[in-house]
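S.K.:
There are 2 protein chains.
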Amino acid sequence: MNHQAIIRTTATTVYERIRDDILSGSLAPGLKLRIEFVCERYGIGASPVREALNRLSQDGLVVRRDQRGFLVAPVSREQFAELVKTRCWLESIALRESIANRSTEWEEALVLAFHRLSRTKRSLDDGAYTFNPEWEERHRAFHHALISNCGSAWLLAFCAEMRDQADRYRKLAAARVYPQRQGPDEHRAILDATVEGDVERAVGLLQNHYRKTQSIVEQDLA
Amino acid sequence: MNHQAIIRTTATTVYERIRDDILSGSLAPGLKLRIEFVCERYGIGASPVREALNRLSQDGLVVRRDQRGFLVAPVSREQFAELVKTRCWLESIALRESIANRSTEWEEALVLAFHRLSRTKRSLDDGAYTFNPEWEERHRAFHHALISNCGSAWLLAFCAEMRDQADRYRKLAAARVYPQRQGPDEHRAILDATVEGDVERAVGLLQNHYRKTQSIVEQDLA
DNA sequence: GCCGCCCGAAATATCGAGATTTCCGGATCA
DNA sequence: TGATCCGGAAATCTCGATATTTCGGGCGGC
Chain A
1 MNHQAIIRTT ATTVYERIRD DILSGSLAPG LKLRIEFVCE RYGIGASPVR EALNRLSQDG
61 LVVRRDQRGF LVAPVSREQF AELVKTRCWL ESIALRESIA NRSTEWEEAL VLAFHRLSRT
121 KRSLDDGAYT FNPEWEERHR AFHHALISNC GSAWLLAFCA EMRDQADRYR KLAAARVYPQ
181 RQGPDEHRAI LDATVEGDVE RAVGLLQNHY RKTQSIVEQD LA
Chain B
1 MNHQAIIRTT ATTVYERIRD DILSGSLAPG LKLRIEFVCE RYGIGASPVR EALNRLSQDG
61 LVVRRDQRGF LVAPVSREQF AELVKTRCWL ESIALRESIA NRSTEWEEAL VLAFHRLSRT
121 KRSLDDGAYT FNPEWEERHR AFHHALISNC GSAWLLAFCA EMRDQADRYR KLAAARVYPQ
181 RQGPDEHRAI LDATVEGDVE RAVGLLQNHY RKTQSIVEQD LA
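Chain order of the listed sequences is A and B. Taking UniProt numbering, the leading residue of the first sequence gets 1, the next gets one more, and so forth. Taking UniProt numbering, the leading residue of the second sequence gets 1, the next gets one more, and so forth.
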């Protein structure tokens with residue numbers, strides 16, 4: 001049967017799990033990641049754990065200090081501000097290029113991604129905020145679709161890296177973000193401007209979208 | 001004596017050595033990096049080698065395939081074109097911001113970096129090209145100085161990553177690049193426009209600088 | 001002849017133990 | 001009192017060996 005089944009290594013599996021746990025906040029910023037602690041938490045040996053942590057340190061999600069082990073990358077208001085500023089710069093380029101290279105396929109995929117997002121509730125509970133993994137996935141997919149037509153895998157990789165980091169901040173403050181995000185649908189406005197080909201409006205709305213989240217998250221970091 | 005001497009791990013040391021060997025071309029693009037081969041080459045065990053290769057795979061200098069080991073990232077004309085395009089986008093932002101945030105210290109450091117570069121010969125031999133590590137270092141330092149005032153460590157890290165990759169292509173084709181780089185000093189022109197605060201001219205010159213190298217390198221990839 | 005399968009050889013990935021370094025509390029001395 | 005210097009405990013890092021997977025050639029079936 002499957003002549004070439006791709007079997008993932010333990011290191012790759014635990015890399016993804018640790019990554020998810022950092023991005024979701026269940027491994028808190030600044031937490032010391034003792035090798036033995038991580039081994040027990042995920043039920044594996046030290047070698048794959050060390051390989052995973054080495055990868056994560058290059059991603060910037062983990063800090064590595066020679067002879068002193070690893071810790072979850074800390075967060076700060078200043079770091080987040082710089083992150084959002086840089087993200088606005090790079091996603092603005094990516095969105096401009098995506099629109100410049102517009103094609104029917106891309107526009108249709110974008111509309112579809114928005115439709116799926118709009119049909120999903122942000123919180124599983126209408127009252128108190130309850131994390132909804134499906135909304136997170138579709139939100140990620142929509143923002144990716146916006147810039148996916150930019151023509152540079154390099155730029156997309158940079159944007160993805162910053163998106164992950166920004167999502168970590170947003171999730172850490174999710175309980176605060178949620179009630180302040182009940183207004184008019186910013187995603188629809190961005191979609192409309194993009195599909196109309198109104199570059200300046202689309203870019204402006206996208207930047208405001210990120211900066212609004214920033215200001216809410218910053219209340220949590222104070 | 002030294003109460004807090006920072007001792008580097010074997011993994012970090014070999015990470016830097018492999019990195020240098022890939023960037024300098026002494027480990028050729030596409031080469032299979034068998035663990036045992038790397039161990040013997042650098043005279044160490046498998047654990048630090050694997051940690052180093054895992055880091056390099058996140059840097060994009062090495063390709064990792066689960067259960068099938070590692071290989072030096074291959075090169076291609078298309079990859080290089082996309083890299084240069086993206087690099088122009090990002091360094092343009094960084095240079096614009098650096099000039100917008102201009103300060104005396106930054107301008108002076110930039111002038112100094114240019115001076116040092118201009119006093120160093122690109123080739124140790126006036127005739128045939130001979131790699132000069134000092135020129136490489138000062139060249140790197142000058143380009144870094146140009147954008148170092150942009151106010152974003154994120155953007156600088158992205159630019160550094162692309163600079164490393166682009167340098168690899170340039171070094172692979174160095175014998176061809178050298179004789180075609182004997183004309184008027186492009187670095188001086190970029191410096192002058194930057195110090196004068198002529199943003200558009202500086203950005204244009206910088207982009208042309210990269211694109212000229214690109215067209216020369218592409219002759220080697222054909 | 002050609003495709004698919006199987007099996008030995010080689011390479012990768014993981015485990016467990018040992019060598020090296022850091023950490024931290026207490027003792028010593030000015 | 002405060003700074004410095006141990007010394008044992010704990011953690012990191014590395015090595016060697018083992019388990020698991022892939023690779024590649026040869027055999028048999030269609």
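We put the beta carbon where it would ideally sit given N, CA and C, even for glycine.
Identify the contact partners of W106 of chain B in chain A, using a Cβ-Cβ distance below 8 Å as the criterion.
M.R.: Here residue 106 of chain B refers to the residue found at position 106 of the second sequence. Neighbours of W106 of chain B on chain A: none; closest Cβ ~18 Å, over 8 Å.
S.K.: Exposed or buried, which one is E16 of chain A when buried takes at least 16 other CB atoms within 10 Å?
M.R.: Here residue 16 of chain A is taken as the residue at index 16 of the first sequence, counted from 1. It counts as exposed.
S.K.: If we cut at 9 Å on Cβ distances, does A11 of chain A have a partner in chain B?
M.R.: Your numbering for residue 11 of chain A matches position 11 in the first sequence. Judged by the 9 Å Cβ criterion, A11 of chain A is in contact with chain B.
S.K.: Per DSSP, which one or two residues make a beta bridge with G25 of chain A?
M.R.: Indexing the first sequence from 1 puts residue 25 of chain A at position 25. Paired residues: none, contrary to the question.
S.K.: Please confirm if S103 of chain B has its CB atom under 9 Å from at least one CB of chain A.
M.R.: The residue labelled residue 103 of chain B in the question sits at position 103 within the second sequence. With 9 Å as the cut-off, S103 of chain B does not count as an interface residue toward chain A.
S.K.: Using a cut-off of 7 Å between C-beta atoms, extract the partners of T86 of chain B located in chain A.
M.R.: Residue numbering aside, residue 86 of chain B sits at position 86 when the second sequence is read from its first letter. The contacting residues are S152, W154, L155.
S.K.: What span of residues does the alpha helix (DSSP H) with V49 of chain A cover, start to end?
M.R.: Looking up residue 49 of chain A in the first sequence gives position 49. 46-59 is the span of the alpha helix (DSSP H), which, as asked, contains V49 of chain A.
S.K.: Any idea which residues DSSP pairs L33 of chain B with across the strands?
M.R.: Here residue 33 of chain B is taken as the residue at index 33 of the second sequence, counted from 1. According to DSSP, which records beta bridges pairwise, L33 of chain B is partnered with B:F70.
S.K.: Around the C-beta of P74 of chain B, are 16 or more other C-beta atoms found within 10 angstroms, so that it is buried, or is it exposed?
M.R.: Taking the first residue of the second sequence as position 1, residue 74 of chain B is located at position 74. Within 10 angstroms of the beta-carbon of P74 of chain B lie fewer than 16 other beta-carbons, which makes it exposed.
S.K.: Near E134 of chain B, which residues of its chain fall below 8 Å by C-beta distance, leaving aside the five closest residues on each side in sequence?
M.R.: By 1-based counting over the second sequence, the position of residue 134 of chain B is 134. Closer than 8 Å at Cβ, skipping near neighbours: T120.
S.K.: If the cut is a Cβ gap below 7 Å, which residues of chain A does I93 of chain B touch?
M.R.: Stepping through the second sequence from its first residue, residue 93 of chain B is reached at position 93. Within chain A, the residues near I93 of chain B are W89.
S.K.: Do the segment 105-120 of chain A and the segment 91-106 of chain B touch if we need at least three Cβ pairs shorter than 8 Å?
M.R.: no
S.K.: Hey, could you find the ends of the beta strand (DSSP E) V195 of chain A is sitting in?
M.R.: Counting from one through the first sequence, the residue named residue 195 of chain A turns up at place 195. No beta strand (DSSP E) holds V195 of chain A; the alpha helix (DSSP H) holding it covers 186-196.
S.K.: Exposed or buried, which one is E97 of chain B when buried takes at least 16 other CB atoms within 10 Å?
M.R.: Position 97 of the second sequence, counted from the start, is the residue given in the question as residue 97 of chain B. Result: buried.
S.K.: Determine the DSSP secondary structure at H3 of chain A, reduced to helix, strand or coil.
M.R.: Sequence index remark: in the first sequence, residue 3 of chain A carries index 3 (1-based). Annotation note: pLDDT 46 at H3 of chain A (below 50); position unreliable, no value reported.
S.K.: Tell me which same chain residues have a C-beta within less than 7 Å of the C-beta of T213 of chain B, skipping the five on either side of it?
M.R.: Sequence index remark: in the second sequence, residue 213 of chain B carries index 213 (1-based). Here the set comprises R170, V177.
S.K.: Roughly how many whole angstroms lie between the Cα atoms of H187 of chain A and F114 of chain A?
M.R.: Taking the first residue of the first sequence as position 1, residue 187 of chain A is located at position 187. Taking the first residue of the first sequence as position 1, residue 114 of chain A is located at position 114. Each residue's alpha carbon lies about 8 Å from the other.
S.K.: With a threshold of 9 Å between beta carbons, is Q207 of chain A in contact with chain B?
M.R.: Reading the first sequence from its first residue, position 207 is the one you call residue 207 of chain A. It does not: the Cβ of Q207 of chain A has no partner Cβ on chain B nearer than 9 Å.
S.K.: Can you tell me which of the three DSSP states V177 of chain A falls into?
M.R.: As a working mapping, residue 177 of chain A is identified with position 177 in the first sequence. Looking at V177 of chain A - three-state DSSP - the assignment turns out to be helix.
S.K.: So, with DSSP's three-state summary, where would you put V199 of chain A?
M.R.: By one-based count along the first sequence, residue 199 of chain A stands at place 199. Taken through DSSP and simplified to helix, strand or coil, V199 of chain A comes out as helix.
S.K.: DSSP puts E76 of chain B in a beta bridge; with which residues?
M.R.: The sequence position of residue 76 of chain B within the second sequence is 76, counting from 1. The sequence shown places Ser at residue 76 of chain B, rather than the Glu named in the question. Paired residue(s): none; S76 of chain B is not in a bridge.
S.K.: Which word fits P184 of chain B, buried or exposed, when buried means at least 16 other C-beta atoms lie within 10 angstroms of its C-beta?
M.R.: By 1-based counting over the second sequence, the position of residue 184 of chain B is 184. Counting Cβ neighbours within 10 Å, P184 of chain B comes out exposed, since fewer than 16 surround it.
S.K.: Take V63 of chain B and list the residues in its own chain whose beta-carbon comes closer than 6 Å to its own, dropping the five residues that flank it on each side.
M.R.: On the second sequence, residue 63 of chain B is found 63 positions in, with the first residue counted as 1. Within the same chain, L71, A73 come within 6 Å of V63 of chain B by CB-CB distance, once the 5 residues on both sides are set aside.
S.K.: Taking 9 Å as the threshold (C-beta atoms), are S92 of chain A and R203 of chain A in contact?
M.R.: Locating residue 203 of chain A in the first sequence gives position 203, where the first residue counts as 1. Locating residue 92 of chain A in the first sequence gives position 92, where the first residue counts as 1. Note on identity: in this sequence residue 203 of chain A is Val, with Arg being the wrong assignment. It is a contact, given that the beta carbons lie within the stated cut-off.
S.K.: Is the separation between the beta-carbon of V217 of chain B and that of L172 of chain B shorter than 9 Å?
M.R.: For the purposes of this step, residue 217 of chain B is taken as residue 217 along the second sequence, with counting starting at 1. For the purposes of this step, residue 172 of chain B is taken as residue 172 along the second sequence, with counting starting at 1. Yes.
S.K.: Would you give the residue range spanned by the beta strand (DSSP E) that R64 of chain A belongs to?
M.R.: Here residue 64 of chain A corresponds to residue number 64 of the first sequence, with the count starting at 1. Note, R64 of chain A: beta strand (DSSP E), 62-65.
S.K.: Quick check on DSSP: helix, strand or coil for S103 of chain B?
M.R.: Mapped onto the second sequence, residue 103 of chain B falls at position 103. Coil at S103 of chain B, not helix or strand.
S.K.: Can you give me the C-alpha to C-alpha distance between R181 of chain B and A100 of chain B, rounded to a whole angstrom?
M.R.: By 1-based counting over the second sequence, the position of residue 181 of chain B is 181. By 1-based counting over the second sequence, the position of residue 100 of chain B is 100. Each residue's Cα considered, the two are about 30 Å apart.
S.K.: On a Cα-Cα basis, can you pick out the residue from A:L83, A:S152, A:A94 that is closest to W154 of chain B?
M.R.: Along the second sequence, read from residue 1 onward, the residue named residue 154 of chain B stands at position 154. If we check each option's Cα against that of W154 of chain B, A:L83 comes out closest.
S.K.: What runs of the alpha helix (DSSP H), each 4 residues or longer, lie entirely inside the segment 95-160 of chain A?
M.R.: 104-118, 133-147
S.K.: Taking the straight line between their C-alpha atoms, what separation do you get for R201 of chain A and D59 of chain B?
M.R.: Taking the first sequence and counting its residues from 1, the one referred to as residue 201 of chain A is at position 201. Taking the second sequence and counting its residues from 1, the one referred to as residue 59 of chain B is at position 59. If you take the alpha carbons of R201 of chain A and D59 of chain B, they lie about 35 Å apart.
S.K.: I7 of chain A versus chain B: which residues are under 8 Å apart at the beta carbon?
M.R.: Within the first sequence, the letter at position 7 stands for residue 7 of chain A. Neighbours of I7 of chain A on chain B, chain order: D66, Q67.
S.K.: Can you give me the C-alpha to C-alpha distance between Q67 of chain A and T10 of chain B, rounded to a whole angstrom?
M.R.: Position 67 of the first sequence holds residue 67 of chain A. Position 10 of the second sequence holds residue 10 of chain B. Approximately 10 Å, taken between the alpha carbons.
S.K.: Do the CB positions of C159 of chain B and R87 of chain B come within less than 9 Å of each other?
M.R.: Here residue 159 of chain B is taken as the residue at index 159 of the second sequence, counted from 1. Here residue 87 of chain B is taken as the residue at index 87 of the second sequence, counted from 1. In this structure, C159 of chain B lies near R87 of chain B, with their beta-carbon atoms less than 9 Å apart.
S.K.: Pick out whichever of B:L90, B:P29, B:A128, B:R122 has its Cα sitting closest to the Cα of R140 of chain B.
M.R.: Sequence index remark: in the second sequence, residue 140 of chain B carries index 140 (1-based). Considering only alpha carbons, the answer is B:R122.
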